[in-house]
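>
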Amino acid sequence: MTQWFAEPTVKQGYARNQQFSLEDISAKYAPRIEGIDPVPSFIIYLNQKPIGFIQYYCLSDHLPEGISGNHASLFDEFTPEQLAGIDLFIAEPSCLGVGLGRQIIRRFIAKQLYRFKAVVVDPQIGNEQAIACYQKAGFLPTQYSEDANYLLMINMLSYRGSHEHS
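Heads up: the sequence shown is residues 582 to 747, going by our numbering.
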């Protein structure tokens, strides 16, 4: 992951231009691996080769960038328990710009997030490549973000019942 966080596209889009050391990465992701922080996290593989990372969180546990609390207008329409947020990156340069992101997102939502009413993403407003990918995966831009630096996008799902936290 240290090498991935050094990749220019990952550093700019996912790491928000922050430098991450091995210690920083361990501090952030060890609680998730140990089940202390409820953010299920996965390595993305293509042909048995790791190419990226994806995670999700319930908005009752964590909030996306641009949403500062449960008073946000987003929660006029949804409860936090009905919403999942996802974050991902593709680190392998040869896998960028070839449509994999859209496929990964759609498959991930179908396999992992079917219990939620909607899924949100929070790209930086200038990250046009990510925004285009999310739109191709079914996400629509919204006005919910309280921070002009982030665009909150939403994908309404075929809702199959309430999300029970386990």
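No residue lacks a Cβ here, since even glycine has one placed at the ideal position from N, Cα and C.
Computed from a predicted model, the values in this text were never measured in an experiment.
Using a 10 Å radius around the Cβ and a threshold of 16 neighbouring Cβ atoms, would you call Ile734 buried or exposed?
On the sequence shown, position 153 is the one that residue 734 refers to. Per the sequence presented here, residue 734 reads as Met, with Ile not at that position. Label assigned to Met734: buried.
> Does Ile635 pass the burial test, meaning 16 or more other C-beta atoms within 10 Å, or should it be called exposed?
Taking the sequence shown and counting its residues from 1, the one referred to as residue 635 is at position 54. It counts as buried.
> Measure the beta-carbon distance from Leu640 to Leu694 and round it to whole angstroms, keeping in mind my assumption that it falls under 8 Å.
Locating residue 640 in the sequence shown gives position 59, counting from the first residue. Locating residue 694 in the sequence shown gives position 113, counting from the first residue. Contact flag wrong, Cβ pair sits at about 12 Å.
> On the DSSP letters alone, give me the boundaries of the alpha helix (DSSP H) that Cys676 sits inside.
Position 95 of the sequence shown, counting from 1, holds the residue named residue 676. Cys676 -> no alpha helix (DSSP H), and no H or E assigned at all.
> Within its chain, find whatever has a CB closer than 8 Å to the CB of Val591; leave out the 5 residues flanking it on each side and keep chain order.
For the purposes of this step, residue 591 is taken as residue 10 along the sequence shown, with counting starting at 1. These residues qualify, in order along the chain: Trp585, Phe670 and Ala672.
> Run through the stretch 638-668 for me and flag every whole alpha helix (DSSP H) of 4 or more residues, listed as ranges in chain order.
For the stretch 638-668, whole alpha helix (DSSP H) runs of length 4 or above, ordered along the chain, are 655-658.
> Could you tell me which of Gln599, Asn736 and Ile625 sits nearest to Lys717, measuring between CA atoms?
By 1-based counting over the sequence shown, the position of residue 717 is 136. The option with the nearest alpha carbon to Lys717 is Asn736.
> Are there 16 or more other CB atoms within 10 angstroms of the CB of His746, so buried, or fewer, so exposed?
To locate residue 746, count along the sequence shown from 1; it is residue 165. Residue placement at His746 cannot be trusted, given a pLDDT of 40 that sits under 50; what the coordinates show is reported in the next sentence. Under this definition His746 is an exposed residue.
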